[in-house]
Amino acid sequence: MTVIFRSDRTVNFVGFEAVYMAVNESIHCDRTFNNQAGFITNLGYPQTTSRVMTCEYHLRMKTGYKIVLSEFNLTLPCRAGYLEVR
1 MTVIFRSDRT VNFVGFEAVY MAVNESIHCD RTFNNQAGFI TNLGYPQTTS RVMTCEYHLR
61 MKTGYKIVLS EFNLTLPCRA GYLEVR
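Count the sequence shown with UniProt numbering and you get residues 1 to 86, in order.
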């Protein structure tokens, strides 16, 4: 799973925070997370930012686990900002 956070400088807001965890199943700003549970935030969260950012967060789990994202807190009213989950 890859989570991409992008913002522009048009409006200052705090960004996002998401909680993730691995669940058993047969199945700078760029960072890779390998723990089975934790949280991710954009750089500087929850402080407001006027920086242009494009950050990629990679969540990697052991074979046999999938990732569940929950508890999103997304504050991005700028026109070009978005959070993409792949």
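All residues carry an ideal CB built from backbone N, CA and C; glycine is no exception.
Per-residue burial, A80 [other beta carbons within 10 Å of its own, 16 or more giving buried]: Taking the first residue of the sequence shown as position 1, residue 80 is located at position 80. Counting Cβ neighbours within 10 Å, A80 comes out exposed, since fewer than 16 surround it.
Cβ shell of I67 (< 7 Å), same chain only, five flanking positions each side left out: Position 67 of the sequence shown, counting from 1, holds the residue named residue 67. Closer than 7 Å at the Cβ level, and outside the excluded window around I67, lie M1, Y20, A22, L59 and M61.
Buried versus exposed, by CB contacts within 10 Å (16 or more), V85: Locating residue 85 in the sequence shown gives position 85, counting from the first residue. It is exposed - the Cβ of V85 has fewer than 16 other Cβ atoms within 10 Å.
6 Å CB neighbourhood of residue 87 in its chain, flanking five on each side removed: Beyond the ends of the chain as shown, which are 1 and 86, falls residue 87; an answer cannot be given.
Test item: CB-CB of residue 92 and M53 under 8 Å: Shown here, the chain extends from 1 to 86; a query on residue 92 therefore has no answer.
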